[in-house]
Each structure stands twice: as structure tokens, then as C-alpha cells.
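Student:
2 protein chains.
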Amino acid sequence: MTDMEHVRHSLAHLLAAAVLKKFPKAKLGIGPVIENGFYYDFKLPRTLTPEDLNEFEITIRELIKRGLRFSGKKITKTQAKKLFKEQPFKLELIEEFSKEKKELKVYKTGDVFLDLCRGGHVKNTKEINPDGLKLDKIAGAYWRGSEKNPQLQRIYGLAFETKPELNEYFKLQEEAKRRDHREIGKRQKLFAFNDLVGTGLPMWLPNGTVIKEEIENFAKEMECKANYLRVSTPHIAKEELFKMSGHLPYYADSMFPPMKLDDGNYYLKAMNCPMHHLLYKSEPRSYRDLPLRLAEYGTVYRNELSGTLAGLLRVRMLSMNDAHIYCREDQIEDEFKRVLALTLDYFKVFGLTKYWFRLSLWDPKNKSKYINEPKNWKESEEKLRRSLEHLNVKFVEAKNEAAFYGPKVDVQYKSSIGREETMSTIQLDFAAKKRFDLTYHDQNGQINNQVFVIHRAPLSTHERFMAFLIEHYAGAFPLWLSPIQVRIIPVGRAHRPYAYELSKRFEEHGIRIELTHEHETVGKGIREGELHKIPYLIVVGDREVTSHTVSMRQRSVKEVATMPFDKFLEKIVKEKKERK
Amino acid sequence: MTDMEHVRHSLAHLLAAAVLKKFPKAKLGIGPVIENGFYYDFKLPRTLTPEDLNEFEITIRELIKRGLRFSGKKITKTQAKKLFKEQPFKLELIEEFSKEKKELKVYKTGDVFLDLCRGGHVKNTKEINPDGLKLDKIAGAYWRGSEKNPQLQRIYGLAFETKPELNEYFKLQEEAKRRDHREIGKRQKLFAFNDLVGTGLPMWLPNGTVIKEEIENFAKEMECKANYLRVSTPHIAKEELFKMSGHLPYYADSMFPPMKLDDGNYYLKAMNCPMHHLLYKSEPRSYRDLPLRLAEYGTVYRNELSGTLAGLLRVRMLSMNDAHIYCREDQIEDEFKRVLALTLDYFKVFGLTKYWFRLSLWDPKNKSKYINEPKNWKESEEKLRRSLEHLNVKFVEAKNEAAFYGPKVDVQYKSSIGREETMSTIQLDFAAKKRFDLTYHDQNGQINNQVFVIHRAPLSTHERFMAFLIEHYAGAFPLWLSPIQVRIIPVGRAHRPYAYELSKRFEEHGIRIELTHEHETVGKGIREGELHKIPYLIVVGDREVTSHTVSMRQRSVKEVATMPFDKFLEKIVKEKKERK
Chain A
59 MTDMEHVRHS LAHLLAAAVL KKFPKAKLGI GPVIENGFYY DFKLPRTLTP
109 EDLNEFEITI RELIKRGLRF SGKKITKTQA KKLFKEQPFK LELIEEFSKE
159 KKELKVYKTG DVFLDLCRGG HVKNTKEINP DGLKLDKIAG AYWRGSEKNP
209 QLQRIYGLAF ETKPELNEYF KLQEEAKRRD HREIGKRQKL FAFNDLVGTG
259 LPMWLPNGTV IKEEIENFAK EMECKANYLR VSTPHIAKEE LFKMSGHLPY
309 YADSMFPPMK LDDGNYYLKA MNCPMHHLLY KSEPRSYRDL PLRLAEYGTV
359 YRNELSGTLA GLLRVRMLSM NDAHIYCRED QIEDEFKRVL ALTLDYFKVF
409 GLTKYWFRLS LWDPKNKSKY INEPKNWKES EEKLRRSLEH LNVKFVEAKN
459 EAAFYGPKVD VQYKSSIGRE ETMSTIQLDF AAKKRFDLTY HDQNGQINNQ
509 VFVIHRAPLS THERFMAFLI EHYAGAFPLW LSPIQVRIIP VGRAHRPYAY
559 ELSKRFEEHG IRIELTHEHE TVGKGIREGE LHKIPYLIVV GDREVTSHTV
609 SMRQRSVKEV ATMPFDKFLE KIVKEKKERK
Chain B
59 MTDMEHVRHS LAHLLAAAVL KKFPKAKLGI GPVIENGFYY DFKLPRTLTP
109 EDLNEFEITI RELIKRGLRF SGKKITKTQA KKLFKEQPFK LELIEEFSKE
159 KKELKVYKTG DVFLDLCRGG HVKNTKEINP DGLKLDKIAG AYWRGSEKNP
209 QLQRIYGLAF ETKPELNEYF KLQEEAKRRD HREIGKRQKL FAFNDLVGTG
259 LPMWLPNGTV IKEEIENFAK EMECKANYLR VSTPHIAKEE LFKMSGHLPY
309 YADSMFPPMK LDDGNYYLKA MNCPMHHLLY KSEPRSYRDL PLRLAEYGTV
359 YRNELSGTLA GLLRVRMLSM NDAHIYCRED QIEDEFKRVL ALTLDYFKVF
409 GLTKYWFRLS LWDPKNKSKY INEPKNWKES EEKLRRSLEH LNVKFVEAKN
459 EAAFYGPKVD VQYKSSIGRE ETMSTIQLDF AAKKRFDLTY HDQNGQINNQ
509 VFVIHRAPLS THERFMAFLI EHYAGAFPLW LSPIQVRIIP VGRAHRPYAY
559 ELSKRFEEHG IRIELTHEHE TVGKGIREGE LHKIPYLIVV GDREVTSHTV
609 SMRQRSVKEV ATMPFDKFLE KIVKEKKERK
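Listed in order, the protein sequences are those of chains A and B. The opening residue of the first sequence carries number 59 in the numbering used here; numbering runs sequentially from there. The opening residue of the second sequence carries number 59 in the numbering used here; numbering runs sequentially from there.
1) Count the C-beta pairs between the region 431-447 of chain A and the region 366-376 of chain A that are closer than 8 Å, then say yes if the count reaches three, no if not.
2) For residue 331(B), which of helix, strand or coil comes out of DSSP?
3) How about the region 477-491 of chain B and the region 390-410 of chain B: do they share at least three Cβ pairs that are nearer than 8 Å?
4) So residue 547(A) and residue 580(A) are in contact, right, with Cβ under 8 Å, and what is the actual spacing, rounded?
5) Which residues, taken in chain order from the region 302-316 of chain A, show a beta carbon closer than 9 Å to some beta carbon of chain B?
6) Suppose the cutoff is 7 Å on Cβ atoms and the five residues either side in sequence are ignored; what does the same chain contact list for residue 606(B) look like?
7) Mark residue 365(B) as exposed unless 16 or more other C-beta atoms lie within 10 angstroms of its C-beta, in which case mark it buried.
8) Specify the secondary structure class of residue 311(B) as computed by DSSP and reduced to three states.
9) Could you tell me the distance, in whole angstroms, from the CA atom of residue 108(B) to the CA atom of residue 184(B)?
10) Using a beta-carbon distance below 8 Å, is residue 293(B) in contact with chain A?
11) So, helix, strand or coil for residue 513(B), using DSSP?
12) Using a Cβ cut-off of 8 Å, pull out every chain B residue sitting near residue 324(A), in sequence order please.
13) For the beta strand (DSSP E) holding residue 162(B), just list the boundary residues, first then last.
14) Using the three-state DSSP reduction, which class does residue 601(A) fall into: helix, strand or coil?
15) Of all the alpha helix (DSSP H) runs that stay within the bounds of the region 414-495 of chain A, which reach a length of 4 or more residues?
16) For residue 220(A), count the other beta carbons within 10 Å of its own beta carbon; 16 or more makes it buried, fewer makes it exposed. Which is it?
17) Going by alpha carbons, who is nearest to residue 646(A) out of 170(A), 174(A), 60(A), 154(A)?
18) Residue 387(B) by DSSP, collapsed to three states: which one?
19) In chain order, what residues of the same chain have a beta carbon less than 8 Å from the beta carbon of residue 294(B), not counting five sequence neighbours either side?
20) Considering only their Cβ atoms, is the gap separating residue 234(B) from residue 99(B) smaller than 8 Å?
21) Which residue comes first and which comes last in the alpha helix (DSSP H) that contains residue 148(B)?
22) What residues in its chain sit with their C-beta under 6 Å from that of residue 495(B), if we drop five residues either side in the sequence?
23) With the cut-off set at 8 Å, would you say residue 305(B) and residue 329(B) are in Cβ contact?
24) If you drop the 5 nearest sequence neighbours on each side, which residues of the same chain put their C-beta closer than 7 Å to that of residue 445(A)?
25) With distances taken between CB atoms, is the gap from residue 224(B) to residue 190(B) smaller than 8 Å?
26) Got a sec: which bits of the region 509-539 of chain B sit with their beta carbon under 7 Å from any beta carbon on chain A, in order along the chain?
27) By the criterion of Cβ-Cβ separation under 7 Å, what are the contact partners of residue 363(A) in chain B?
28) Residue 519(A) to residue 358(A), Cα distance in whole Å?
29) Taking the alpha-carbon positions, what's the residue 211(A) to residue 97(A) distance?
30) Can you name, in chain order, every residue of its own chain whose Cβ lies under 7 Å from the Cβ of residue 345(A), other than the five neighbours on each side?
31) Give the C-beta separation of residue 186(B) and residue 116(B) to the nearest angstrom, bearing in mind that I take them to be a contact with Cβ-Cβ under 8 Å.
32) Measuring CB to CB, does residue 291(B) end up less than 8 Å from residue 215(B)?
33) Quick one: using the 10 Å Cβ neighbour count with 16 as the cut-off for buried, is residue 177(B) buried or exposed?
34) Tell me which residues share the same chain as residue 561(B) and place their Cβ nearer than 8 Å to its Cβ, disregarding the 5 neighbours each side in the sequence.
35) Whose Cβ in chain A lies nearer than 8 Å to the Cβ of residue 259(B)?
36) Leaving out five residues on either side along the sequence, give the residues of the same chain with a beta carbon under 7 Å from the beta carbon of residue 297(B).
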């Protein structure tokens, strides 16, 4: 346990003491440490109010000041049952611990509180900084998480070392709420879920589809330049293919169940690679054909339990800009360099700067976990390391974290709300060549079976990446991604023909515009535009019609600027093209 | 039976006569009329050769000249069994017909042949034009199509009214072979099938994917201009949705079987409409929002028997540029006009001219087959008719051919090999509004439940359309669709830097190029380019390097032209942009 965990655990005891002070008949559940704090469950004579929380917090602070000592001792079952005779939940735990032959211990907090507890506290409450404490919220919880048991009231507390850290936490929480992808997705009409379609299956509304296609086009353009070839494969395939790839039976739990047709069992694919391997094999390959980079915007399906699904972050349908690179051994390092550089090029356009890399290696001692090709492990790990060094980026190494079939590089990211996540993974695979009999003809016309496969999807899945981007931009998408790029607001009916003329000009240049409704006031037109975070709002009235100008408000810029229409058009066409 | 069917049926008898002349012990199967001709099945002492066919044909021509009369009469089972005592297959038929209480008849051809037959002949063989006859081919066939029965030899004959018609048939056959989408697809590496993936599930190779994406981008561009909004939905949904839409149970046989997950049964979608209806309902709609045009490149799955699948024409996976238009009653006619016009705009770009339309109407007497909304049928049929008249196109009306839920317009096409097919269908649907409770708020804020839906997919499914296009262009795709648009052939090693420089310039302008391999001769470079029907082959040697020109061969143009590189680049960039 870390020091802060000791503090949090101790605070849970103090909370229980505070609750008992106010409600002497309170029945106590358990009070564990959690991320950023702690909680404690109680059965109480009435429902708690926010005022109660304040009162408890004041009591806790008083107890802290008193410099109470924590001290523990072992006790027998008989002693324990006597001590907690008024506490039915604790009695249940005592019975259970005894049955499991666990030792029973109690901890005293000064003279104010005694709890059945295995320890892990501060020595004295004076070690706790009361400024880092905040009782956060109340929630209902069943005893031991089961609906069949009595319902309790759970009090959550936050605890940090210092006040600034607590404030930082609140700031991030607020930020997370402000940036919540589900809220923004709803408000900006990006995607929708429907129980009739099913859990974890987002449907992209027109606005969300604009963004989806812009990202797809961007990725296709980038990868076309990087000499990727695009392919397109079905969403289902026969059982035999997934047996060959090893997804069956090893990955069967994550796959949807089979569909029995007249010619065998078909499965929704959970990955694109088996089909790409077949395309690799669709003609004889020469050393000159390698590296062969096959890319596909493929949608795969994974069977997750419905209860675990949430928003776009946990879904059953995963669309991704997937690709598999087939290369010779002497090309591995260079291909990794290229993929890493491509990933950073993507990040640049999306303004992502807080990344670092993790090189995941095998553990030669853990033979059962890894494919048994020591030479390939040794050499390829060195190649991956060199490609990271070459890129001159921050990276950490993680032993025993590789995939079964080869080492990998994870791209880690610290999000706008402080969450660390793996953005994407670049994996080397030296198992596929054997499973799929991947070969090429070398310079002497001999068959070489050392074809290495790189799996990569730099933009993660589209669903997760969209959740990430919505949060990253807090819904204020850059011009090139914005579903509506310019909102045109004519002052009155007389200015509508000019507004209409401008809208045609915009459309000719592929700018996505919106013209306000006839009966909408200028004020409402601006407010609505700001609410939906449209990058540019232009108002046109008498002066603009006469001088062929626009009065332009750029998102998050206070000043209104007036400029000739042609100049404005040129400006945003340029921004769009440059993906600003 | 038509006159030609009489001729063909009569020729089947003459064929049997000719075979019996050469093989008196031949056992006769059956000899029906088929499209363009006839066949007859025989059990013979030896395998036939092409020479045999010639001999039979000569015999038939002699028989025709003799002016033999066909005459039939009823006979009893006893008589029949006596007459055909040497013919075991005929005896089997006699037993069967007797059991089914069918009358037994025999037909005589002059004095040369007698067959068990229900009639339908010419009166005299002189009515047959021998110039329209050709014995076509021999194939194996089981008696009554069952592997358990003896194997017979089947002789196919062609018969047309005139020699030119026969020749026309051969020409179309040759054309069909030359244009066979499976052959061209293989040669040009457009798509691949693999038994491990499954029957009827094409995988698009890089070349095929280029074409697929060009068509998709084209359709998206056209429909963006026509104010369609794009959406994107999952490939699966819950049973409840398909019950609501009526696909279950009415369409269950065509759907893949369900997949049982922890929260219910999921099905692969066989159509996109149910999900689009949900998106329509995802927010309240106003009369001002209509028409709402939701488009999606959606892939749907239909469960066909594996034995019926062939190439791209019969598949289990159907990708299509689908859209559903939600409109008010007063917008139906205009929306149909727009969809028809859009369809013709598409056809223009693909150079499709041999189309006509079919307006499929209900039959008021056939109540059970159609949704019972007589007023909607009457008025909407009139609207569809007016939209066709407005377009000033050729159209036929077909009573009792509408869908259950509304009238439709089929776009018929006569393909390059003379096959008539339905290219696409535009269907009006007035059943969806009730099933999905589709409504909008009218000008007075009242809820109106008369939302009409138009289903349309002008380019058919991608699979069928690609099969059609490959055949239509015989693999010589126009520049904008060609996977490789320009092949650069340097004369020698010294010209490769110039060739490379040009290739970069091309790529900057989005032109898809291919540079020949270092060791490929100019001759081979040109031959390969012609074989793969690349639109432009450019050869660069000393003269071209010095003068900054290219020596250009345009596909199907004999002359080689030399022009400045910049001019050539400008020319093809323009062609590409104009989708030439």
C-alpha cells in the first residue's frame, strides 16, 4: 500500500466514526480504498442529504485534528462476535473469514471507533492533510453487490495529498463532463444508439458521417502516398478460415456465434488479417513485390457482454483503418520506421502532442506464452528498438508484454482529461507465415517462407478515436472536420438572395454551409451557431450586400471581422485543404 | 408455343432420327425445346466426337429437304409399351404418365421416326429453314438429372429463323466470352474468391478496390450535390427491429440465421431501410425538414443456397449505394423526377444508352397481394406516371407487378451481349410509415403521419454493377475508373530518371501510374500494357528526355503521338476530372 492508500483507508474509518456519531444505530458495511479516494457503505434510518455530508466532513476534520492513533490487534472469533454483535454485516464477514480460516483483526482509531479490518493505516490522524479531503457524493449500493441483499447508502470521499491536487481533480472532472463524448455526440447529432439495433452498435448520423468520411479520406490519401494498396473484404467467412488463423478456438469467446448455412458455418470476422493473408496468397509473390501493404477500412465484430458496453468506448462493432504489411526480414526495421513516422504525421494533423511509446518485449523464460523462435525474437526486438531510437522519441520498454506472435510498439497518450490510454499498436507477427504458408520467390527464384507481417491501425478503431476526438476538441472540431463549416446569417429577407448566392459559391468549392431559416433572428442565428461550435458564422446585411463583403465571426475569437467575400472564400478553402 | 418453338421441337425429333440412323441401338431420353434451340439425350455405345455432330447435322438437313410430315395420335398404354419395348427410358415415362393419368401420344415424322410426345411441331419439315440450324455441343447429363441414374450424352442444337440470326447469336456468344466478367476479373486482378471465405463472398483486390472507390466517390459527389445526407449503420441488429420491419417472419428464408448473444438474437441485415427509418425517427421532424434523403454505402447479406451462386452475379453479400427518401405526399412526384434524372445522369457517365423504364402497378382486384390503401395507390401511380412522362422517356406499364407496399419504376437495360436486365428499381413505400410510426409536424404544428418513403439504388448492387461494367467495357475501363491510368515505359536504363521524374509529376496530380520493371523490354512493356487495357502507354527515350515530351499510345488508337509532357498531363488530368 502506498502512503496515500493508508491515508484513504484511514479516512474511511473516520467517515464511519462520523456517521456513527450522528446515527448511533447505523449498520456498517465495508469501507475500501478506491482510485482517488474511498467509500463506506451504511444502512441508515433515513436517506442522506448533502447537508449530512457537510456535517460528516466537519466531524472528520475535527477527528483528524485530535491526533488519534490507529492500532490493531488479532482477536478470536468469539471476541469478534461479541464486539460486533450490533453489526449484522460485520457478523456475516466474521463468519466468512472464520470459514476461510483468515485471521480476524480489529483496528481502533483513538477511542472513537473500532472496525473489523486487516490494516493499512496512518499511524496518527495528524499525518492526514484535511485540505485534500472532500466527501463527494452519495449513491445506493446493495450489500455485497447483490440485488437480493439489503440496499445500503454509499458515501464516496476524495482524498489527495494537497489541496491543489484535489482542485486539479475537480477541474479534470469538470473538463471530462464538458467534453463527455456522449453528451456532445447527442447535442451535435453525431451518432445515435437504439435498443432495436442493439447495445454497442452506434449508428452514425449525417453529421457524424461527415467526420467519419473526412477521416477516412484523409487516411486513404496519406496511405496512398505511402504506397499502401486498398482492398475490401466481406464481414463474414467460414469456420475453416478462422481455424486456420487460430481465432478458433483461442479467440472464440470474443467472436459472435456461428451461422449455419447449407455449406457450413459462417462467422462474423473479429479481425481483418485472415482475409488479407488470403489476398497475399492470391498470386505468387516475388521479392520485388515486397513490402506489400494491404489496407482496408474494415468493420469487425466482437462479442462483449452487453452490460460492459458504454458509449463509443466499449462497442461490439469496431471500424478501423486497418493494414497489414508483408515484408522480408531485411525490411522490418524500415517498415516500422515508416509506420511510426506515419503515426506521428497523423497525430500532427489532429494536434496530438502528448504521446510516448512503449516497446513490448517477450520473456525468454516464459516459453509457453510465446512462439518459439528465439532468433526472430532477439533480432526483431532489436530492430524495433532501433526504429524507435531512429525516430528520437520517448519510449519505455516492457518485458513480458509482447503478443504471442511477436514484439510490438504501443503508442500511449495522455488525454485532455488526464486519462492515459493506448492509442494504437504496431505489432510484428512471425506466426502468420507458418499458419498461412506465406512465401515469396527470392532473387534466385527460390521459395522463401520468412514473410513477416506487421499489423497496424494508427487511428485505433473509428469508434474509440471519435470518442477521443470529441473529447480532445470538446466538440469544437477543426474546420476540415466540422459537419457545418460556415453558417450564413442574413439580417433580413432582403439579404437572402445575396446569402443564397454566397451559399452556391461556397458549395462550388466543397464548403459545407448552412443558411439560417427565414424566421430566425440574427441573434438566434449566432447563438445557435456558437452552440453547435460552427467554425465560422457570417452575417450579411445591407453593407455586406453593397460592398460584396462578409461580416465574419471566427469560433473562439471575440472580434468580428469584415472582409471581401472572395478573400474569405479563399481563406477557408485554403484552411480546409490544409486540414486546419 | 411460338412458331420457332415448333421448329425447335421438330428439330429435336429429326436429331433423334439422325442419331438412330447411325446408332440403331441408341436409347433415347427426352428432347425438349430450350432458349435458342433444343437438346436430346441419348445412351450410346460410345462417346460422341465433333465429327459425329457434323454427320448428324448433314442427316438432319437431308431429312428437312425430304418434306416429311409430322402427325400424332393417341395410343393406349399397351400399344405404347409395345412400340417402345426397346427403349427403357421411354418405358419409364409411359409408366409414369399412366400413373398420373396423362394421355399417351406418339408423333411420326414421315416414315423415319416415331416418338412418345405431346406435340407442338411444324406440319412439314419444309417449314424449317436449314440455314438457321447448328448442332452446337455435346455434354454429359444424368437421366432425369439424378446422379443415381445412368449417364447419357446430351446433344445441344441451335435453331433460328434465319442464318443472320444464327450468326448474330454466335457473335453475341463470342462477345459474351470476350466480356466474361469472371475471366476479365481474374486477368486484371479485380477480385478473388476463396473457399475458406465462402461461396458468393467476393474479396476486392487492389485493382478492383480502386474502381469500387472511384464509383463510390462519384456517387457520393453526385448525391451530395442532390442534397442527400450520408449515414452509416451497423451490419447487424436485433430480432426486434426486423420483426418491426416485417422482414421477420416474411423474409426470414432470405436472411442469415440469428446469432444468440447475452441480450437477445442478432441478425445480419438483409436491407438498410429499417435502420434508416430509426435514424429518421431519431429526432422530431418538421415539414421543413422534408424531403429528407438518407444515403449509405451499405453492405447487406442474403442467404442464398450455395449451389445457386455464380461470380459476381449471384452473391451472398450485396454492397449498394442505397438511399431512402422521406417525403410528404405533395413531394412524391418531384422526388421521383429527381431520382429518375439522377439515374440518367449516372448512366450518361458510364455511357449507358440502351435503357427503358417499366412502371409496375398494383391490381385493385388482387387485394391480398397489396396494402389496402386504394387512394394512395391511385394517386401515387398517377404521380409516378407523370414523372415518367415529364422525363419524356420510353416506358411500359405492367399491371399487378408492384411491390406489396407501393408502385415502382424499374430501369431495364439491354446489355452488350443482348441480355435484358433490371438495372435498378425505384420503389414507393406507403407501408413503412405505419410500421415505424413515421411522422412530421406540419405548418400548423400538427402531427402528420403521411410520410412516404422512396427506396432507390440507381447503380444496383456494387457486385452486379461491377459484373455489368466489366462486360460493358469488356475490361477496357475509361480513364477515371482504370486502376492504372498511365504506364511509363523507359527505353533504357538512361531514361529511367526522366521516367521517375514524370511519375512523381503524375502522382502529384493523383494520376495512377505504373513504371515498367528495369529488365522489361519496350516491346514487352507495350504488350503487357495492352493486355491489361491501360488507357495510356508512354514510351520515353533519348528524344523525349531532350525535348521534354512523351511518345503516347492511346488505347484502341493506332497512331503514336508525341506531345510535350505538360500538355499530356493537362490532357489526362482534365479527362480524369470529367470522368472520361
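Just so it is clear, CB atoms sit at the ideal spot from N, CA and C, and this is done for glycine as well. Every value quoted in this text rests on a predicted model; they were computed, and no experiment measured them.
Tutor: Judging by the given coordinates:
1) no
2) helix
3) yes
4) 6 Å
5) 302, 314, 315, 316
6) 622, 623
7) exposed
8) helix
9) 26 Å
10) yes
11) strand
12) 256, 314
13) 162-167
14) helix
15) 432-449, 490-493
16) exposed
17) The requested residue 646(A) does not occur in the structure, where chain A is confined to residues 59 to 638.
18) helix
19) 317, 324, 325, 326, 327
20) no
21) 146-157
22) none
23) yes
24) 391, 394, 395, 398
25) yes
26) none
27) 320
28) 10 Å
29) 10 Å
30) 386, 498, 499, 500, 501
31) About 15 Å; that fails the 8 Å criterion.
32) no
33) exposed
34) 546, 571, 573
35) 292, 294, 295
36) 306, 316, 322, 323, 325
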